[in-house]
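Below is one structure; the comments refer to it alone.
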Amino acid sequence: MTATDDAGTVGPSARLLQLFEGHRLTPTQRRIAHSLVRHATEAPFLSSVEVAELAGVSQPSVTRFAVALGYDGYPALRKQLRELGAGEPAAPETPADAVRNEHQQAVLAEIEHLRHLAELLADPEPITRAARLLAASRPLPVLGLRAASAQARGFAYFAAKVHPDVRLLDEGGSMLADRLEQAAAAGASVLLCFALPRHPRELMDALAVARDCGLTVITVADSVFAPVAKLSDLMLPAAVGTGLVFDTACAPMMLGRVLLQTMCDELPGAEARLEAIEQSAAARGLFLE
């Protein structure tokens, strides 16, 4: 999503964001992109050395950045920036549509991701099917490593209030395969996986173990084309924001909550469990409210 003025033109920062949008960049490459956006009117006239100095990276990193965007090198990228007119100031913006910096752009991009998720949820069948499988699994292992660990932990925290046996798997290492095998041996039929960029190699190894154990793998990922797709039985996509130095994951979190809501509908006695938890919390004075 970009800001437009009455004539339909976009500002120089927005033009660069459109160019970078959809590319999977490393943290160093995002730092370069961030610097270019901040200096959008100057960007088409900067050398690779000058860009490197602005971003605080090496000159070869700037070259690799251009290649990651699909160009032969930085000169080809700079030529594209000039053809886009990124160095030209935008026409005056109307107050209602004004977007003044990349931080606002990042927020608007997240809003767009949520809108896209809402469109996907118009078809409830994938979520309902996933929730039914999750509700039936005893125990229910929930996996998320590195960047995805927060999503897995949040899901597991709330799921444990309605599901009798939730097992959070948010650390890699040699014991991860053991814990997956133990969950399967205890009766688990499904693994819920949160997979966000950058996708750890050990996550792929863990999903291979899960498949070998006979677990159905349901994955919440940033894209249906994510590397984990080939080891997942059901993919639930929710885009992540890439406009800042580190990814933002509002849509995956929202999708996790929707999945929880639907799982509650599939779990017999979920409402009674929630009521019991509330009564216990009140008796212990657990919350200030």
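Residue numbers (my numbering): 55 to 343.
A virtual CB, placed ideally from N, CA and C, is assigned to each residue, including glycine.
For residue i versus residue j, is the C-beta distance shorter than 8 angstroms?
i	j	result
Val-294	Pro-251	yes
Phe-209	Leu-314	yes
His-167	Ala-283	no
Pro-180	Leu-290	yes
Could you compute how far the alpha carbon of residue i sits from the alpha carbon of residue j?
i	j	result
Val-105	Met-317	49 angstroms
Thr-95	Leu-174	37 angstroms
Thr-117	Ser-89	15 angstroms
Tyr-211	Arg-338	19 angstroms
Leu-138	Arg-69	7 angstroms
Val-111	Leu-269	44 angstroms
Val-274	Ala-303	11 angstroms
Glu-320	Lys-215	14 angstroms
Pro-149	Thr-296	Because the pLDDT at Pro-149 is just 49, under 50, the model does not fix this residue reliably, and the value given afterwards should be weighed accordingly. Spanning the two alpha carbons is a distance of roughly 26 angstroms.
Leu-257	Gly-227	10 angstroms
Ala-330	Ala-201	33 angstroms
Ser-85	Ala-109	The question names Ser, but residue 85 in the sequence shown is Arg. Distance between the alpha carbons of Arg-85 and Ala-109 is about 6 angstroms.
Arg-192	Arg-233	14 angstroms
Leu-26	Met-229	Residue 26 cannot be examined here, being either before or after the span of the chain that is shown, 55 to 343.
Glu-156	Ala-130	24 angstroms
Leu-328	Glu-75	42 angstroms
For residue i, which residues of its own chain have a beta-carbon under 8 angstroms away from its beta-carbon, when the five flanking residues on both sides are left out?
i	result
Ala-231	Asp-259, Ala-260, Val-263
Leu-194	Leu-188, Ala-213, His-217, Asp-219, Val-220, Arg-221, Ala-242, Val-244, Leu-246
Glu-235	Val-263, Cys-267
Gln-83	Ser-115, Arg-118, Phe-119, Ala-122
Leaving out five residues on either side along the sequence, give the residues of the same chain with a beta carbon under 7 angstroms from the beta carbon of residue i.
i	result
His-77	Ala-122, Leu-123
Ser-102	Gln-113, Val-116, Thr-117, Tyr-128
Arg-132	Pro-98
Would you mind sorting residue i into buried or exposed? The rule is 16 or more other CB atoms within 10 Å of its CB.
i	result
Gln-159	buried
Ser-334	exposed
Thr-164	Rather than Thr, the amino acid found at residue 164 in this sequence is Glu. So Glu-164 counts as buried.
Report the CB separation of residue i from residue j in whole angstroms; it is logged as a contact under 8 angstroms.
i	j	result
Leu-223	Leu-309	About 19 angstroms; that fails the 8 angstroms criterion.
Ala-184	Ile-272	5 angstroms
Excluding the 5 residues preceding and the 5 following residue i in the sequence, name in chain order all residues of the same chain whose CB lies nearer than 6 angstroms to its CB.
i	result
Gly-198	Gln-205, Ala-206, Asp-224, Phe-248
Ser-203	Asp-224
Glu-343	none
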